[in-house]
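In our numbering, the protein residues as written are 1 to 324.
Where a beta carbon is used, it is the ideal one built from N, C-alpha and C, also for glycine.
One structure below.
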């Protein structure tokens, strides 16, 4: 932003409101769900500008083209007087290109209600969009011209199922290969039932390690420990994890269990997992526009609320070059 004043204001605002932590959660959900949103929220009582965060489940695009979404609605759950309500917040453009925010609340029965303290209509005066769609650098190959992004796991469903199958096989192998102890019939205490029969007292109905040898007096204690095949199962699990990392664009080493036993340098990380580093840069480029849009909207709306804020000028995002 132009000048140190604008930079300090943006830095203080995003730090004070906890934006960065919540924004990280939004980006994480966007990786899983494909879409997230930074939405400007105006607290008229406190005369404050805030940023709310939404994921794909809460987002309903209204107007869009191949380049951007210009009007959108967000559905969230809120509580009034201890009762749950559904809040629909709609960001619309006026005829002059500025944005207004309309809020409508509904009961669980679908009836519209007026909630004290909630303004039904706020004219922000912002010519910049009061929301920004977060989509990663993953092409939506499922629906043409969709305003939604695509999850990084969309093309890795088979890999996820393979990981689940391999993990279950590994755990089942350990479970069924537990050592079994066979005890002679004479090793068990006995008790009489109501009909006078003498029956052995079991160690426990859920016990799967101790077994009774019926009508046996020889070899009072016999152990049986089958050989584990965990090495083969572990290789299958590792292969499934590598395939998952490759299909999600995070690199085959991202989920790999076989890690080196020392702290690696940044050069080693970048050279060993070049696919991850390449995709990090792609996702950073995709996130620039949402961050710039929300930064501009916050500045304009805060200025409309009466704060003495200088012109934001040119807004940009500069990422650090850290790898680890």
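Within this structure, are the beta carbons of residue 256 and residue 242 separated by less than 8 angstroms? In contact: residue 256 and residue 242 (Cβ atoms closer than 8 angstroms).
With residue 50 as the anchor, note down where its beta strand (DSSP E) starts and where it stops. Counting along the chain, the beta strand (DSSP E) containing residue 50 begins and ends at 48–55.
If you reduce the DSSP assignment to three classes, tell me which class residue 261 lands in. Here the model assigns residue 261 a pLDDT of 47, short of 50, so the residue's position is not dependable, and the following value carries that caveat. Three-state DSSP puts residue 261 in coil, outside helix and strand.
Below 8 angstroms on the Cβ atoms is my contact criterion, and I expect residue 166 with residue 237 to pass it. Report the Cβ-Cβ distance as a whole number of Å. Between residue 237 and residue 166 the Cβ distance is about 4 angstroms, and since that is below 8 angstroms, they are a contact.
Taking 8 angstroms as the cut-off, decide whether the C-beta atoms of residue 331 and residue 46 are in contact. The shown model of the chain, from 1 to 324, leaves out residue 331, and the question about it has no answer.
Give me the residue from 55, 109 and 126 with the minimum Cα distance to residue 93. With distances taken between CA atoms, residue 93 lies nearest to 126 out of 55, 109 and 126.
Report the option in 22, 129, 245 and 67 whose CA atom is closest to the CA atom of residue 295. Closest in C-alpha terms to residue 295, from the list 22, 129, 245 and 67, comes 129.
Residue 15 versus residue 63 - alpha carbon distance: Roughly 32 angstroms separates the two Cα atoms.
Can you find the residues in the same chain that come closer than 7 angstroms, C-beta to C-beta, to residue 338, ignoring five residues on each side of it along the sequence? Given a span of 1 to 324 for the chain in the structure shown, any question on residue 338 remains unanswerable.
Taking the DSSP output, what are the residues bridged to residue 73? Its beta-bridge partners are 60 and 90.
Select from 313, 138 and 301 the residue whose C-alpha is nearest the C-alpha of residue 123. The option with the nearest alpha carbon to residue 123 is 301.
Stretch pair the segment 149–169 + the segment 190–201: three plus CB contacts closer than 8 angstroms: By the criterion of at least three beta-carbon pairs nearer than 8 angstroms, the segment 149–169 is not in contact with the segment 190–201.
Can you tell me the Cα-Cα spacing of residue 24 and residue 37, whole angstroms? Going by the C-alpha atoms only, they are around 12 angstroms apart.
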